[in-house]
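Numbering (the working numbering), first residue to last: 21 to 242.
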């Protein structure tokens with residue numbers, strides 16, 4: 021299923037569909053314990069239900085990005101901006117922007133720039149805390165290569181974390197994707213690495229909190 025198809029189905033529902041089974045299960049358990057008169061357990065389960073709903077929230081986003089702008093694919097805090105010699109799919113230097121998503125952030129991921137999916141690579145790995153530097157290399161992850169409409173190569177990596185053990189990605193190779201539309205999510209705390217051309221104008225720095233589909237990370241050099 022493409023991200024665009026998902027957006028059409030979910031536009032009126034502020035909850036990611038992956039969270040619905042968890043929420044329904046928690047609601048059912050809360051109902052059963054309430055009927056049995058287990059007040060303390062019911063209150064705990066009710067709190068858990070609200071927390072699960074909060075985690076899987078999927079608010080609408082309005083992108084005001086201009087031509088050549090690359091927006092953040094994830095909500096979270098920028099934990100690093102660095103230069104790398106090469107990236108999977110493209111053997112040339114790039115700038116890497118790393119974003120850490122805590123359990124309190126929205127975990128629905130969005131396309132950073134319009135274009136075509138040229139490559140996808142999923143790799144099993146470890147589940148270290150996603151804010152560690154080595155998590156980019158050793159944790160379970162999914163790579164997505166987008167050839168932008170301007171011809172620039174954008175590579176994004178969904179990285180699983182200590183708690184996050186499930187990476188979701190809907191697009192397939194050859195799919196046309198549009199900036200800021202949903203393309204997947206990572207459950208329960210994780211990381212996103214974004215690789216853009218080395219000559220891009222970087223507009224964020226370490227410590228900045230960014231929002232998927234809205235915050236402009238960089239501007240591509242025309």
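Ideal Cβ positions, reconstructed from N, Cα and C, are used throughout, including at glycine.
- With the rule of 3 Cβ pairs closer than 8 angstroms, the segment 187-194 does not count as touching the segment 74-93.
- By DSSP's assignment, residue 217 forms a beta bridge with 114.
- As the crow flies, the alpha-carbon of residue 59 is around 10 angstroms from that of residue 65.
- Secondary-structure assignment with DSSP links residue 178 through a beta bridge to 162, 212.
- Taking 8 angstroms as the upper bound for CB-CB distance, residue 82 and residue 134 are not in contact here, some 16 angstroms apart.
- A direct Cα-Cα distance of roughly 36 angstroms separates residue 75 from residue 219.
- For residue 88, the secondary structure class from DSSP, reduced to helix, strand or coil, is coil.
- DSSP, read as helix, strand or coil, puts residue 75 in helix.
- Taking a contact as a CB-CB distance under 8 angstroms, the pair residue 123 and residue 232 does not count as one, their CB atoms being some 16 angstroms apart.
- Under the three-state reduction of DSSP output, residue 157 falls in the helix class.
- 8 angstroms or more divides the Cβ of residue 126 from the Cβ of residue 186.
- In the structure shown, residue 142 adopts extended strand secondary structure according to DSSP, grouped into three states.
- A straight line joining the alpha-carbon of residue 217 with that of residue 115 spans about 6 angstroms.
- Within the DSSP secondary-structure output, residue 129 pairs in a beta bridge with 204.
- Within its own chain, the residues whose Cβ lies closer than 7 angstroms to the Cβ of residue 144, once the five positions on either side in sequence are excluded, are 160, listed in chain order.
- A direct Cα-Cα distance of roughly 48 angstroms separates residue 90 from residue 53.
- The C-beta distance from residue 214 to residue 93 rounds to 6 angstroms, short enough to fall under 8 angstroms.
- CA-to-CA, the gap between residue 131 and residue 55 works out to about 44 angstroms.
- For residue 55, the enclosing alpha helix (DSSP H) starts and ends at 40-56.
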